[in-house]
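A short write-up of the structure that comes next.
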Amino acid sequence: MQILIDRYNPQSDSAPYTQTYHLNDAEVGEDTMLLELLQQLRIQDPTLGFRSSCQEGVCGSDGMNVNGNNCLSCITLVKPLGDKIHIRPLPSFPIIKDLIVDMQLFYDQYKNVEPFLKGDEHLSRDPEHEILQTPEEREKLDGSYECILCACCSSSCPSFWWNPDLFPGPAALLAANRFVIDSRDITTIDRLESLDKAEKAFRCRHIQNCTAACPKGLNPSRAIQGLKHAIVKNRS
Amino acid sequence: MLSLKRLTGSKAHIWQRISAVYLLFYVPLMALYIAFLPETNSLENIVGNLLYYCFFGYLSIVAYLLLLVHAWIGGRDILIDYIPRNRLTLWLNLYYLLLIVVTADLLALIVSVNPYL
Amino acid sequence: MTQEATLQEYEFDAVVIGAGGAGMRAALQLTEAGHKVAMISKVFPTRSHTVAAQGGINAALGNVTEDKWQWHMYDTIKGSDYLGDQDAIEFMCREANQIVRELEHFGVPFSRLENGKIYQRAFGGQSQNYGEKQAKRTCAAADRTGHAILHSLYQQNLRAGTEMFVEHFALDLIIDDDETVCGVLIQNLHDSALKAVWAKHVLLATGGAGQIFRTNSNASINTGDGLGMVQRAGIPLQDMEFWQFHPTGVAGKGMLISEATRGEGGILRNADGEAFMVRYAPKVKELASRDVVARAIAVEVEEGRGCGPQKDHVLLDLTHLPHDVIENRLPGIRDISRTFLGIDPIEAPIPIFPTCHYMMGGIPTNLNGQVVKPDIPYPENRSGQSVDTQIPVPGLYAIGECACVSVHGANRLGGNSLLDIIVFGRKAAQEIGKQLQNNPEIATRPFQHNLNALLQRYQRWLQTSPSESAHDSVFAIAADMQKIMESGCGVFRDHQHMQQTVEQLRQLEQRFAQVQIQDDSAVFNFERCSALELENLLAVAKATACSALAREESRGAHTRVDFSERDDENWLKHSLFYPQNESILFKPVNRQPTQHAPFEPQKRVY
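In structure tokens:
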């Protein structure tokens, strides 16, 4: 089995290059995840750089591009990937080292949509009562709050590739939508108005790369569609 | 024409939809209209017929204005996506100019084919 | 060029090390109070391991079943096998309701009941009216409660504008000649730049160290860095023999399958299909506390009733539950089961086996989160005088899993760890805020300090050896440590095996003293980071093995085959491990709650 990894060390390389590793097929079981393989390779070659933490797909550290698709290495089975696996860093981000990318723009875009609950001042200060929410209202948040900020979606989105500093990208818009539809948030109109710009919500073209890439099975494209509807409805 | 530049966000989105729907109905209607014209030998003749006879003329003027809006929004979005940031303003202005020239050209055509002149 | 010359320096009122739930709750409190605070994390904050907590957070809200904080307190003390400090447990349980509502106000998307209130589910060890009917006390956001809480806290910190040092590794505490902690030495993982962060108050929230065991539910970042730092600063570690083995880890892999599965009605079955828990906990069966269930599973497998070709696991059966319960209340579990086992729990039971999950012990602290130590440097200095074990270390605080208040005693109840981190995260921050108000003028940067010695310790990792000449590696030592700990300090322990473990750990320490790294890169040098982490892990492993060897009784999660009974007469006390001479000092358990009569130790039956 061949593993091709795009390597880059800013201290010694002028540009990224592809390194080929060979692995015995017998070392790969039916249930071997890609991260285990990378950990094996790191024992052979301690200079190999990649991030990881929880190893079960909830922390979002190890987003990478494998055979052209963005995924989390810890929940990606090796066997279905074939005999030749090409691993690249997440596209569109500056490469720091090997598979480690600089995600600052991604985090900034997340921060820019003000992804925090702005509830009623009075209710939010009451330590004796929760802000009530019906199960139906709460159900609307399913599919939005589970995002793990792995950036698999945004780094597969052409609109984000072109304008990562202007366009929030699918992850940030998914977060924006999560607070727009939260019944406890009282700033819905402000939120909608701030997203009503050519380079914000309406830069999304719904090509749905984000939805295809999301390792948690979320659908940012549909959430952005919902956002657009809400913005238009708010206008009229 | 100037207000085109302020057509962003949800306004652009709404106008894009409105123009698309309008053109969806207008274009087949126009095709039918032309097909049943008695004489369709020249462009002047067609334009003249589309614009200056009965109420179809009004429909055509609205169609053109909406087409202009549609083309501006669509073209602008593509330019924003693909043109490098430092040259974007230049290209947007060029595109804007192009739309003005096309409009002026069309106006000249319309005036020149006016059967009442 | 010396390291000193390249050292960048910063000054803060307070610095929080760790950006999990505890660290972020504390940083939020301090930032909102207007203090100059920095939060340091070796990973981006939402990668912290709080994100993996599933089941929920306990509070006697009484939304589903009638509940009182006093009952919660009783359950927690009983769950701790009476080793938990009753004043701390009382404080935590009394704060719980407000803490959970505050989280709700921060935006945590808790699941809801028809009346709009927070959904609560049953968890192990919970009862109404001091041990009667099962209570439903665990507030949940589906089975992603930790994720929901961690992300909401990160979001609130974004709102507040907390200053963060992301992907910075904390190496050591800086201490002045008065033994006051006055800062921390950190390293930027992006470029290996060392930074001295001077602060009047240093708060450790570095989480657990489950990586000392091979099969664990912990993230690879859970390497006990705070514990290592504290030990090197001469402070003993408390109750390190108590490690929780979560009953339901994915067999052979260790990922967590939440206790919520049993709370929602899941049943454990052995190879004969028998629901065996009835034999171990006749009253509450699957909902006995975790140590009881983990032992039951281990016994079933030991006695040959395990499932699968190796007979090495049991089954967690959810197939009888309504589909919508699994889909709506346990979606994350379904994901994990399908991803790692290819099994849909709606259709087939999940193979499970206990996995190392949580460290009950840690850095000794008082109710305010202040790190405390005895007033003597070593147990040998004792010479008859009575020892005060609660002397605060000036400038140093610890919260969350790395701390031992102790609210979990010998066994933690499910749903109490999320509560612990938020309660004491807020409390420690309030205490720091109070101190900052009372003494606004103390200088942050002292004249005399140990920074040079700390830099010296780090120097060794700047030398690398070429890969051809390396016959040992950091990764090999780590793997050996995990195997040694698993075989010697697992669910069942005995003197002989643990003695062997201690000796093997000493050998590992020698290997570690010799080992060199191969990677000389300054950019994301994981090998060097792993080496620094391994030093911390080895310290934790040693503390665990020595403390476990010393405790000659079975209590909570610490099960001795050779001392199978609990011995309140001799062992109802905390242990404090000193690495310098591998000695142990004991400190009494607090049994003076302020609002409730003390709970006397009783036989623990579920």
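Protein chains in written order, with our numbering: chain L, 1 to 236; chain V, 1001 to 1117; chain P, 2001 to 2606.
All C-beta atoms in this analysis are idealised placements derived from N, C-alpha and C, irrespective of residue type, glycine included.
Remember, predicted model here, so these are calculated numbers, not experimental data.
For this session: Indicate the three-state DSSP secondary structure (helix, strand or coil) for P:Glu2241 in the structure shown.
Result: In the three-state DSSP reduction, P:Glu2241 falls in the coil class, being neither helix nor strand.
Problem set entry | Test: L:Val232 CB closer than 7 angstroms to a CB of chain V | Closer than 7 angstroms: yes.
Exercise. Any heavy atom of the ligand PLP within a distance shorter than 6 angstroms of the CB on P:Gln2518?
Worked result: This structure simply doesn't include the ligand PLP, nor any ligand for that matter.
Exercise. Mind pulling the alpha helix (DSSP H) runs of 4 or more residues that sit fully within the segment 2243-2324 of chain P?
Worked result: Complete alpha helix (DSSP H) runs here, min 4: 2260-2263, 2277-2280 and 2290-2302.
Exercise. Would a C-beta distance cut-off of 7 angstroms place P:Met2073 and P:Phe2577 closer than the cut-off?
Worked result: In this structure, P:Phe2577 does not lie closer than 7 angstroms to P:Met2073 by Cβ.
Exercise. Which whole-angstrom value is the C-beta distance of P:Asn2023 and L:Phe116, which I expect to be below 8 angstroms?
Worked result: Note that residue 2023 of chain P corresponds to Gly in the displayed sequence, not to Asn. About 18 angstroms; that fails the 8 angstroms criterion.
Exercise. Between the beta-carbon of L:Ser154 and the beta-carbon of L:Phe106, is there less than 7 angstroms?
Worked result: Remark: C-beta atoms of L:Ser154 and L:Phe106 approach each other more closely than 7 angstroms.
For this session: Would you kindly check if the distance between the Cβ of P:Cys2182 and the Cβ of P:Pro2466 is under 7 angstroms?
Result: No, Cβ-Cβ distance for P:Pro2466 and P:Cys2182 is not below 7 angstroms.
Exercise. Quick one: what does DSSP say P:Glu2179 is sitting in, helix, strand or coil?
Worked result: DSSP places P:Glu2179 in coil when its eight states are reduced to three.
Problem set entry | L:Asp196 burial status per 10 Å Cβ neighbour count (16 or more: buried) | Around the CB of L:Asp196, 16 or more other CB atoms lie within 10 Å, so the residue is classed as buried.
Exercise. What residues of chain P sit near L:Gln11, judged by a beta carbon separation below 8 angstroms?
Worked result: Here the neighbours are Ser2521, Ala2522 and Val2523.
Exercise. Hey, which unbroken runs of the beta strand (DSSP E) at 3 residues or more fall wholly within the segment 2356-2434 of chain P?
Worked result: Complete beta strand (DSSP E) runs here, min 3: 2370-2373 and 2391-2398.
Problem set entry | Members of the segment 1004-1019 of chain V near chain L, C-beta cut-off 7 angstroms | Residues Thr1008, Gly1009, Ser1010, Ala1012, His1013 and Ile1014.
For this session: Find the residues of chain L that neighbour V:Tyr1082, judging by a C-beta separation of less than 9 angstroms, and give them in chain order.
Result: Under the 9 angstroms cutoff, chain L gives Trp162.
Exercise. What residues from the segment 2178-2199 of chain P come within 7 angstroms of chain L, judged by C-beta to C-beta, listed N to C?
Worked result: Only those residues of the segment 2178-2199 of chain P whose C-beta falls short of 7 angstroms from the nearest C-beta of chain L are listed: His2190.
Problem set entry | Contacting residues, own chain, Cβ-Cβ under 8 angstroms from P:Asn2157 (five flanking each side not counted) | Around P:Asn2157: Met2024, Ala2027, Leu2028, Thr2031, Met2039, Pro2045 and Met2164.
For this session: Look at the Cβ atom of P:Asp2317, then the Cβ atom of P:Asn2411, and state whether they are nearer than 7 angstroms.
Result: No, the pair does not count as a contact, with Cβ atoms beyond the cut-off.
Exercise. Taking three-plus beta-carbon pairs below 8 angstroms as touching, is the segment 2259-2274 of chain P in contact with the segment 2299-2316 of chain P?
Worked result: Touching, per the Cβ criterion.
For this session: From the DSSP output, in three-state form, read off P:Val2540 for me.
Result: Look at P:Val2540 here: in three-state DSSP terms it is helix.
Exercise. Is it true that the CB of P:Thr2138 sits closer than 7 angstroms to the CB of P:Gly2018?
Worked result: The Cβ atoms of P:Gly2018 and P:Thr2138 do not sit closer than 7 angstroms to each other.
Problem set entry | P:Gln2003 to P:Val2515 span [Cα, whole Å] | Residue confidence is low: P:Gln2003 scores 43 on pLDDT, short of 50, so the model does not pin down where it sits. No coordinate-derived value is stated.
Exercise. How is the alpha helix (DSSP H) around V:Thr1089 delimited, first residue to last?
Worked result: Element bounds for V:Thr1089: Arg1085 to Ser1112.
For this session: Would you mind telling me which residues of chain A sit closer than 7 angstroms to P:Gln2156, beta carbon to beta carbon, in chain order?
Result: Structure shown: chain A not included; protein chains present are L, V and P.
Problem set entry | alpha helix (DSSP H) runs wholly inside the segment 146-175 of chain L, at least 4 long, in chain order | 158-162, all fully within the segment 146-175 of chain L.
For this session: Within 10 angstroms of the Cβ of P:Asn2063, are there 16 or more other Cβ atoms? Answer buried if so, exposed if not.
Result: Taking a 10 Å sphere around the C-beta of P:Asn2063, we find 16 or more other C-beta atoms and assign the residue as buried.
Problem set entry | Whole runs of the beta strand (DSSP E) within the segment 2129-2207 of chain P, excluding any shorter than 3 residues | Qualifying beta strand (DSSP E) stretches, in chain order: 2134-2139, 2163-2166, 2168-2175, 2181-2188 and 2194-2204.
Problem set entry | Within 7 angstroms, strictly: CB atoms of P:Asn2216 and P:Gly2208 | Not a contact, by the Cβ cut-off of 7 angstroms.
Exercise. Helix, strand or coil: how does DSSP classify P:Glu2552 here?
Worked result: Note: P:Glu2552 maps to coil in three-state DSSP.
For this session: Would you identify the three-state DSSP class for P:Ile2326, choosing helix, strand or coil?
Result: Reduced to three states, the DSSP call for P:Ile2326 is helix.
For this session: Taking the CB atoms as reference points, tell me whether P:Cys2356 and P:Phe2123 lie closer together than 7 angstroms.
Result: Taking 7 angstroms as the cut-off, the Cβ atoms of P:Cys2356 and P:Phe2123 do not count as close.
For this session: Just confirm the distance between the C-beta atoms of L:Arg138 and P:Ser2111, as a whole number of angstroms; I'd bet it's less than 8 angstroms.
Result: Between P:Ser2111 and L:Arg138 the Cβ distance is about 6 angstroms, and since that is below 8 angstroms, they are a contact.
Exercise. Among the residues of its own chain, which have a CB less than 7 angstroms from the CB of P:Glu2300, if the five just before and after it don't count?
Worked result: In the same chain as P:Glu2300, and ignoring 5 residues on each side of it, the C-beta atoms closer than 7 angstroms to its own belong to Asn2270, Phe2276, Gly2306 and Val2314, in chain order.
For this session: Could you tell me which residues DSSP puts in a beta bridge with P:Val2037?
Result: Beta-bridge pairing links P:Val2037 to P:Ala2014.
Exercise. Cα-Cα, which of P:Gly2415, P:Arg2295 and P:Asp2420 is closest to P:Thr2365?
Worked result: Cα-wise, what sits closest to P:Thr2365 is P:Asp2420.
For this session: Taking C-beta pairs closer than 8 angstroms, name the residues in chain P that L:Gln242 reaches, listed in chain order.
Result: The question about residue 242 of chain L has no answer, for chain L in this structure spans 1 to 236.
Problem set entry | Opening and closing residue of the alpha helix (DSSP H) in which V:Gly1057 lies | DSSP places V:Gly1057 in the uninterrupted alpha helix (DSSP H) bounded by Phe1056 to Tyr1082.
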